[in-house]
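See below for the structure under consideration.
Number of protein chains: 2
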Amino acid sequence: MRGALLFIGDELISGRIVNTNAEFAGRVLASFGFLPEEIVTIPDKEEKIVSTLRRLVEEYDFVIASGGLGPTEDDVTTEAVSKAFGLPLRIDEGLLNAILRSQEYQQTMEMAKRMALVPEGAITLAKDSKFVGFYLHYRGKKLFFLPGVPSQFRELLQERVLPELCISQRTSTRSDSMEGVHLKSLLFFDINETDLNSFIKNLKLNLRNNLKIGYYPLMPEVKLIIVGNREDVEELYNEIKGRFFLNIISESEEGLPIVVGQLLKGNSMNLTVAESCSGGLLSALITSVPGSSEYFEQGFVTYSLRSKEKTLGISEKVLREKGVYSHETAQEMAIRAKLLAGTTFALSTTGIAGPAGGTEETPVGTAFIGLATPREVYSVRFQFQGDRETIQRMISYTALDMLRRYITYGKGLSSYRFARDFKERAL
Amino acid sequence: MRGALLFIGDELISGRIVNTNAEFAGRVLASFGFLPEEIVTIPDKEEKIVSTLRRLVEEYDFVIASGGLGPTEDDVTTEAVSKAFGLPLRIDEGLLNAILRSQEYQQTMEMAKRMALVPEGAITLAKDSKFVGFYLHYRGKKLFFLPGVPSQFRELLQERVLPELCISQRTSTRSDSMEGVHLKSLLFFDINETDLNSFIKNLKLNLRNNLKIGYYPLMPEVKLIIVGNREDVEELYNEIKGRFFLNIISESEEGLPIVVGQLLKGNSMNLTVAESCSGGLLSALITSVPGSSEYFEQGFVTYSLRSKEKTLGISEKVLREKGVYSHETAQEMAIRAKLLAGTTFALSTTGIAGPAGGTEETPVGTAFIGLATPREVYSVRFQFQGDRETIQRMISYTALDMLRRYITYGKGLSSYRFARDFKERAL
Numbered sequence: 001m002r003g004a005l006l007f008i009g010d011e012l013i014s015g016r017i018v019n020t021n022a023e024f025a026g027r028v029l030a031s032f033g034f035l036p037e038e039i040v041t042i043p044d045k046e047e048k049i050v051s052t053l054r055r056l057v058e059e060y061d062f063v064i065a066s067g068g069l070g071p072t073e074d075d076v077t078t079e080a081v082s083k084a085f086g087l088p089l090r091i092d093e094g095l096l097n098a099i100l101r102s103q104e105y106q107q108t109m110e111m112a113k114r115m116a117l118v119p120e121g122a123i124t125l126a127k128d129s130k131f132v133g134f135y136l137h138y139r140g141k142k143l144f145f146l147p148g149v150p151s152q153f154r155e156l157l158q159e160r161v162l163p164e165l166c167i168s169q170r171t172s173t174r175s176d177s178m179e180g181v182h183l184k185s186l187l188f189f190d191i192n193e194t195d196l197n198s199f200i201k202n203l204k205l206n207l208r209n210n211l212k213i214g215y216y217p218l219m220p221e222v223k224l225i226i227v228g229n230r231e232d233v234e235e236l237y238n239e240i241k242g243r244f245f246l247n248i249i250s251e252s253e254e255g256l257p258i259v260v261g262q263l264l265k266g267n268s269m270n271l272t273v274a275e276s277c278s279g280g281l282l283s284a285l286i287t288s289v290p291g292s293s294e295y296f297e298q299g300f301v302t303y304s305l306r307s308k309e310k311t312l313g314i315s316e317k318v319l320r321e322k323g324v325y326s327h328e329t330a331q332e333m334a335i336r337a338k339l340l341a342g343t344t345f346a347l348s349t350t351g352i353a354g355p356a357g358g359t360e361e362t363p364v365g366t367a368f369i370g371l372a373t374p375r376e377v378y379s380v381r382f383q384f385q386g387d388r389e390t391i392q393r394m395i396s397y398t399a400l401d402m403l404r405r406y407i408t409y410g411k412g413l414s415s416y417r418f419a420r421d422f423k424e425r426a427l
Numbered sequence: 001m002r003g004a005l006l007f008i009g010d011e012l013i014s015g016r017i018v019n020t021n022a023e024f025a026g027r028v029l030a031s032f033g034f035l036p037e038e039i040v041t042i043p044d045k046e047e048k049i050v051s052t053l054r055r056l057v058e059e060y061d062f063v064i065a066s067g068g069l070g071p072t073e074d075d076v077t078t079e080a081v082s083k084a085f086g087l088p089l090r091i092d093e094g095l096l097n098a099i100l101r102s103q104e105y106q107q108t109m110e111m112a113k114r115m116a117l118v119p120e121g122a123i124t125l126a127k128d129s130k131f132v133g134f135y136l137h138y139r140g141k142k143l144f145f146l147p148g149v150p151s152q153f154r155e156l157l158q159e160r161v162l163p164e165l166c167i168s169q170r171t172s173t174r175s176d177s178m179e180g181v182h183l184k185s186l187l188f189f190d191i192n193e194t195d196l197n198s199f200i201k202n203l204k205l206n207l208r209n210n211l212k213i214g215y216y217p218l219m220p221e222v223k224l225i226i227v228g229n230r231e232d233v234e235e236l237y238n239e240i241k242g243r244f245f246l247n248i249i250s251e252s253e254e255g256l257p258i259v260v261g262q263l264l265k266g267n268s269m270n271l272t273v274a275e276s277c278s279g280g281l282l283s284a285l286i287t288s289v290p291g292s293s294e295y296f297e298q299g300f301v302t303y304s305l306r307s308k309e310k311t312l313g314i315s316e317k318v319l320r321e322k323g324v325y326s327h328e329t330a331q332e333m334a335i336r337a338k339l340l341a342g343t344t345f346a347l348s349t350t351g352i353a354g355p356a357g358g359t360e361e362t363p364v365g366t367a368f369i370g371l372a373t374p375r376e377v378y379s380v381r382f383q384f385q386g387d388r389e390t391i392q393r394m395i396s397y398t399a400l401d402m403l404r405r406y407i408t409y410g411k412g413l414s415s416y417r418f419a420r421d422f423k424e425r426a427l
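As given, the protein sequences belong to chains W and F, one line each in that order. No gaps in the numbering here: position 268 of the first sequence is 268 in the numbering used here, and each next residue is one more. No gaps in the numbering here: position 68 of the second sequence is 68 in the numbering used here, and each next residue is one more.
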């Protein structure tokens, strides 16, 4: 199946908005083997939409279009579809009612009616018609029209477009209904794709063959999606959960900063961090979540040696004898931060983000992450790779994940892919 | 003049790489009135490149293509150009020599020869042929082929493509040489575009008419580009510098974190920050710059009330009587942080990043930023707008800019667009 993506919107052409939908769609589709062969971005111009749609339908088996479905004058996609394929428009009553009921859209009746227009033969895509978007089966081609709003685009792409493409690949027959196909997604951290692949490969054959599985990076998290009939999907889902439970962050779009926040809040626990090489990024990730003041007490960005001694009170002996990049320093940082702030937990980071400063013994990317809990202190030595930004990001996310694993499972701190060694002691 | 952008690369289709070049090109071109009418992304497939190039040349006056000019097997753009337009390829000796001399490319002779190929009639674009990229004037159409590497793409787009488009718009005659046009760019922070517009509008007419001026947001910085003949460009450049000197960060691509770092390092000064509402982002921005340990001592992310009292030693009286969102608290935070860390300067932030927590008196987006210097302490009350991420970003960048203005000019702290009021006292 050959496909194309079509993005419609003046704001995408002028660079006022970054087209994150294109990147996301590319990853999701590529992970399932539906790599598009062309991505086209055009302005909200009816004539241009008409000619582009005709060209793409001629050339490809499926087209996923996005944007221009709103209620304003410059939203002309639906009318362009009507003109391109000679299909009259009708008001979809379900969509109209949902739009009128919705708190989100505060539209006039005229605007609501405009948004509820779909071409003849099209079916609406969103569950309970909660937002716009339709599917059209036209001359053997599959045409999807999604809203440009990223959250809506993502939801429909994963939950409607992907299953439909999977079905049609399997059966090669026409499907108008888009029913009977089930989808589950999991968000992972630190997953080893080789392990995951060989695990899936060793499952019993009929389960594997009935399912489509894709995964794509969300940097640094990884999303896994399983598509197929309900029973098989649930079976694989449970198998994967059983084997890779340590790596599963959530079954939604919520990443580590939100998940860790929920764990702390749900258990009435709180957190302090002491950062060296992550330089404030760990604090910034935690406080990017609204309401984080409920569980985040404070951060010590002790970047200089002096500040580690003076603000945190790390002993000069530890720093001199063990070195600033050591289990001992990471542990002391966590212990002292926890003590100073009086919190349930403390995380600490010390290492070399680069590009300069590496040695043979401690190359760029070396990082020690510490975790102080009410009863013990842990530290893990990691060896990360990449540029400064990537290394600082990996350190910060891994620190959050260590806390997640500790609260959820009380274990798993030493089994990271990039972990080198591990120390633990009682407090 | 009607134009299109063409991005070539498997990695752009699969979402492995975010197409930041598309966004950047859109902004730059839009700001000069050269808004493209179509952006196409295709894989590194010769056949597809040939057919797409033919279609775009038919339809548009200019095409800016990017990617596929490297030395490996999958870089097929140059050969596709040759096939699309029936132009034989030749080795450009200047380019070949530059590639062989370059430290960056460690190519075999065969690879270097491949990279140095250009279609007959094309001219190379980069100054001193330091990297690949060529311009082709074909049947009255302007065709640019740029490398996909973002820094190289940006440089050629601004310094070669833009001037060429400006010239041809003015003269409407064929230009093969791309000579005689001059370009200057300035990076601004906190520029009021209405002020800038009316300032330019009031300049003497012939200066204005001879120049093309564009500006586009780099969030939160703003880039201004002036294109025209050397004398006029320099004249306008000096006029703008004279009037808006406070707002000019740099004459390069270097943003606030780098510029502030250079100022501190160049003057052997150092910095501490005490953050509340920016939650670590200010520290993270500073430490995102390699070598920042030379001037960044430490950060106190005192997110809770308790940590402001206990770690920084802000008096309970100030917090209670003046409130946590106040000039007094911001000033105390900066003074105490500076004292504790023993640095030349300290910056502080306190306010409401939202979405919850606002009141009528201090709505979401209220922020007090403090700056302690060796002699005085300043604080400015701001009212920012946007979502949590935008507000935290604006607060952090504005704090950095206050320090920049102070070190460079010793003034200008109260004249920000979003500033509400200002307090200063000697230490």
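Just so you know, even glycine gets a beta-carbon here, dropped at the ideal spot from N, CA and C.
In whole angstroms, what separates the C-alpha of G70/F from that of A116/F?
9 angstroms
To the nearest angstrom, how far is the alpha carbon of G345/W from that of I335/W?
Sequence check: residue 345/W is Phe here, not Gly. Rounded to the nearest angstrom, the two C-alpha atoms are 9 angstroms apart.
Check S177/W in the structure and name its three-state DSSP category.
At S177/W, the pLDDT of 44 sits below 50, so the modelled position is not reliable and the matter cannot be decided from this model.
Taking the alpha-carbon of M394/W as reference, which of E376/W, R375/W, A419/W and T408/W has the nearest alpha-carbon?
The shortest Cα separation from M394/W among E376/W, R375/W, A419/W and T408/W belongs to A419/W.
Between P36/W and G3/W, how many whole angstroms is the CB-CB distance? I'm expecting something under 8 angstroms.
5 angstroms
Across the stretch 375-394 of chain F and the stretch 193-210 of chain F, are there enough close Cβ pairs to call them in contact, namely three or more that are closer than 8 angstroms?
no
Can you confirm whether the stretch 217-224 of chain F touches the stretch 186-205 of chain F when touching is taken to mean that 3 or more C-beta pairs between the two stretches lie within less than 8 angstroms?
Put simply, the stretch 186-205 of chain F touches the stretch 217-224 of chain F. At least three CB pairs are less than 8 angstroms apart.
Where L53/F falls: helix, strand or coil (DSSP):
helix
If I follow the unbroken alpha helix (DSSP H) through P220/F, where does it start and stop?
Run containing P220/F: none; DSSP gives neither H nor E here.
Would you verify that the beta carbon of S185/F is, or is not, closer than 7 angstroms to some beta carbon of chain W?
no
In the DSSP assignment, what are the bridge partners of V118/W?
R90/W
Does S315/F get closer than 7 angstroms to chain W when you measure Cβ to Cβ?
no
Cβ neighbour criterion (16 or more within 10 Å) applied to Y60/W
buried
Kindly give me the distance between the Cβ atoms of G365/F and Q385/F, rounded to whole angstroms, as I take these residues to be in contact under 8 angstroms.
Confirmed, Cβ separation roughly 5 angstroms.
Does the beta-carbon of A356/F have 16 or more other beta-carbons within 10 angstroms, so that it is buried, or is it exposed?
exposed
What are the boundary residues of the alpha helix (DSSP H) that includes G33/W?
In the DSSP annotation of this structure, G33/W is not part of any alpha helix (DSSP H), being labelled neither H nor E.
For S252/W, count the other beta carbons within 10 Å of its own beta carbon; 16 or more makes it buried, fewer makes it exposed. Which is it?
exposed
Selection of the stretch 48-77 of chain W by Cβ proximity to chain F, strictly under 9 angstroms:
Cβ contacts with chain F: K48, T52 and R55.
7 angstroms CB neighbourhood of I17/W in its chain, flanking five on each side removed:
E11
By how many angstroms is the C-alpha of G33/W removed from the C-alpha of L203/W?
21 angstroms
Along chain W, which residues have their Cβ under 8 angstroms away from the Cβ of N19/F?
N19, A22 and E23
Distance between beta carbons of S168/F and L281/F, contact taken as under 8 angstroms:
Actually they do not touch by this definition, with Cβ atoms about 44 angstroms apart.
Once the 5 residues before and after S288/W are set aside, which same chain residues still bring their CB inside 7 angstroms of it?
P257
What residues from the stretch 287-304 of chain W come within 9 angstroms of chain F, judged by C-beta to C-beta, listed N to C?
For the stretch 287-304 of chain W, the set of residues with a beta-carbon nearer than 9 angstroms to any beta-carbon of chain F comprises T287, S288, V289, P290, G291, S292, S293, F296, E297, Q298, G299, F300, V301, T302, Y303 and S304, in chain order.
Check the DSSP bridge columns for D421/W and list the partner residues they point to.
R381/W
Let me see if you follow: with CB-CB separation under 7 angstroms, is G15/F close to chain W or not?
yes
Out of G214/F, G370/F, G299/F and F131/F, which has the shortest C-alpha to C-alpha gap to R114/F?
F131/F
Taking the alpha helix (DSSP H) that V318/W falls in, what are its first and last residues?
E316 to E321
Neighbourhood of Y295/W by C-beta, 8 angstroms cutoff - its chain only, sequence neighbours within 5 removed
G261, L264, K265, M269, N270 and L271
Min CB distance A84/F to chain W below 7 angstroms:
no
Is L347/F near A399/F, with beta carbons less than 7 angstroms apart?
yes
Note down the Cα distance separating R174/F from L157/F, rounded to an integer number of angstroms.
For R174/F, the predicted structure reports a pLDDT of 41, less than 50, and the residue's modelled location is therefore unreliable. The matter cannot be settled from this model.
How would you write the range of the beta strand (DSSP E) that E361/F sits in, first residue to last?
That residue, E361/F, is in no beta strand (DSSP E); it is neither H nor E in DSSP.
Can you pull the chain F neighbours of E38/W, defined as C-beta to C-beta under 9 angstroms?
I13, V40, T41, I42, P43, K48 and T52
Do F368/W and A337/W have their CB atoms nearer than 7 angstroms?
no
Is F134/F helix, strand or coil by DSSP?
strand
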